[in-house]
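Just so we're aligned: the sequence shown equals residues -25 to -1, 1 to 186 in mature numbering (1 follows the signal peptide of the UniProt record, and there is no 0). We put the beta carbon where it would ideally sit given N, CA and C, even for glycine. Small disclaimer: the values here were computed from a predicted structure and weren't measured.
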Amino acid sequence: MIRKHSLVRRSAAVVAAGAAALVLAACGGGDSDSAAGHGGHNAADSPSASAPASQGRHNAADVAFAKGMIPHHRQAVEMADLAPGRAQSAEVKALAADIKKAQDPEIETLSGWLTSWGEEVPAEGAMDHSMHGDMGGMMTDEEMTGLENASGEAFDTAFMELMIKHHEGAVSMAEAERADGAHGPAKKMAGDIITSQSAEIEQMNKLLGKN
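Structure representation (structure tokens):
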């Protein structure tokens, strides 16, 4: 009987100790989850990060889209910056202003995504000839110099012809992102680029008398 009581007491002690351990684990688990949650918000490469800049997972196509579109957009903005002092047509000046207004914020957003993913943001001026194959429509140094030296109607014509080619390259890059990307916000931006730049291509073709 004594031995039986001893076993009962020992069993009760084990059960009590187990319950206490469970309570401690539950308390500790809450802290751990909280820490993981905070870490998830600023972890650049976390596929489950819920911060707006890194919402959802991303893949190599998303990285390629961001790294390609940043210098592509920068060049479009550089072209647009030439228009106020050189363009003759009010339509061309307005178009250039719209391009700059749309693409400057997109450059910032794309750069933010790359930073949040732990990727390197392309340096300013990263638009050498070796990149032209991957980013269709990029202007050569000679084309850029020609545009800088043009004015009036000649500038308007050169600007629109070069920008149509530039936009067509951006649309192709955006279509690739829509097809192969995984990052929801990047795919949405790609869709917006396709819509807006396709409309601008049509507008420029009309101004050039091609439609």
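**Request:** Please classify ASP72: does DSSP put it in a helix, a strand, or coil?
**Result:** Per the sequence shown, residue 72 should be read as Ala rather than Asp. Reduced to three states, the DSSP call for ALA72 is helix.
**Delimiting residues of the alpha helix (DSSP H) encompassing PRO121** = In the sequence as displayed, the identity of residue 121 is Gly instead of Pro. Residues 116 to 124.
**Message:** In this structure, how does DSSP classify TRP88 when only helix, strand and coil are distinguished?
**Reply:** DSSP places TRP88 within a helical segment (H, G or I) once states are collapsed to three.
**Item:** Residue(s) in a DSSP beta bridge with GLY127
**Value:** GLY127 is bridged to ALA62.
**Request:** Check the C-beta distance from GLU175 over to LEU70 and give it rounded, since I have them as a contact under 8 angstroms.
**Result:** About 7 angstroms; that satisfies the 8 angstroms criterion.
**Request:** Name the residue from ASP73, THR120, SER86 and GLU128 whose alpha carbon lies nearest to the alpha carbon of ALA41.
**Result:** For ALA41, the nearest C-alpha among the options comes from SER86.
**Message:** Report the CB separation of VAL52 from LYS75 in whole angstroms; it is logged as a contact under 8 angstroms.
**Reply:** About 5 angstroms separates the beta carbons of VAL52 and LYS75, which is inside the 8 angstroms limit, making them a contact pair.
**Request:** Helix, strand or coil for LEU57, going by three-state DSSP, please let me know.
**Result:** Helix at LEU57.
**Request:** State the start and end residues of the unbroken alpha helix (DSSP H) segment that holds GLY166.
**Result:** 159 to 182 is the extent of the alpha helix (DSSP H) around GLY166.
**Message:** Does the stretch 131 to 151 come into contact with the stretch 52 to 62, if we say contact requires no fewer than three beta-carbon pairs (one atom in each stretch) closer than 8 angstroms?
**Reply:** These segments touch.
**Prompt:** Just checking my contact of residue 188 with MET164 at CB under 8 angstroms: how many whole Å lie between their CB atoms?
**Reply:** Since the first residue shown for the chain is -25 and the last is 186, residue 188 is missing from the structure and cannot be characterised.
**Request:** Out of ALA157, HIS48, ASN34 and ALA72, state which residue places its alpha-carbon closest to the alpha-carbon of GLU99.
**Result:** Selected option, being the one with the closest Cα: HIS48.
**Test item: CB-CB of GLY121 and GLN63 under 8 angstroms** = The Cβ atoms of GLY121 and GLN63 lie no closer than 8 angstroms to each other.
**Request:** Could you check the C-alpha separation between THR132 and PRO97 for me, to the nearest Å?
**Result:** Using only the alpha carbons, I get a separation of about 30 angstroms.
**Request:** Tell me whether VAL146 sits in a helix, a strand or coil according to DSSP, three-state version.
**Result:** Helix.
**Prompt:** According to the Cβ coordinates, are GLN50 and MET114 closer than 8 angstroms?
**Reply:** A contact, by the Cβ cut-off of 8 angstroms.
**Item:** Contact set for GLY60: own chain, Cβ-Cβ below 7 angstroms, skip 5 residues either direction
**Value:** For GLY60, there are no CB contacts under 7 angstroms within the same chain when 5 residues up- and downstream are skipped.
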